[in-house]
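Heads up: the sequence shown begins at 3 in our numbering, then just goes up one per residue.
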Amino acid sequence: GKLLALEGPDPADPRNINSVVKLFDVETLKEVRLLSGLRGGIGAIAFTPDAATVIAGDREGQLLLWDTATGKQRGALTAHR
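As structure tokens, this is what we get:
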């Protein structure tokens with residue numbers, strides 16, 4: 003793929019509790035998207051096989067899905083803790 007996903011602190015969270023997913027272009031190493039909405043730290047990040055969607059799970063049991071091209075949230079699932 004051409005994207006790398008990493009966890010980072012949410013710049014909009016003054017208490018520094020929540021995390022975001024940062025997408026980087028692997029060729030330029032520049033950040034191309036900032037994906038937010040997770041609560042607390044991130045437990046896992048994965049791409050779909052076609053890399054069109056990135057999925058991240060927070061430690062509160064929430065899974066969020068984003069479109070990698072636009073950064074728009076595609077959906078949310080709540081899992082058990």
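For every residue, glycine included, the Cβ atom is placed at its ideal position computed from N, Cα and C. None of these values were measured; they are calculated from a predicted model.
For the options Pro16, Pro13 and Leu8, the alpha carbon positioned closest to that of Phe26 is the one of Leu8. Burial state of Ile19 is exposed, judged by a 10 Å Cβ sphere holding fewer than 16 other Cβ atoms.
Thr70 and Leu6 have their alpha carbons spaced roughly 11 Å apart. In the DSSP annotation of this structure, Thr72 is not part of any beta strand (DSSP E), being labelled neither H nor E.
Secondary-structure assignment with DSSP links Ala53 through no beta bridge to anything.
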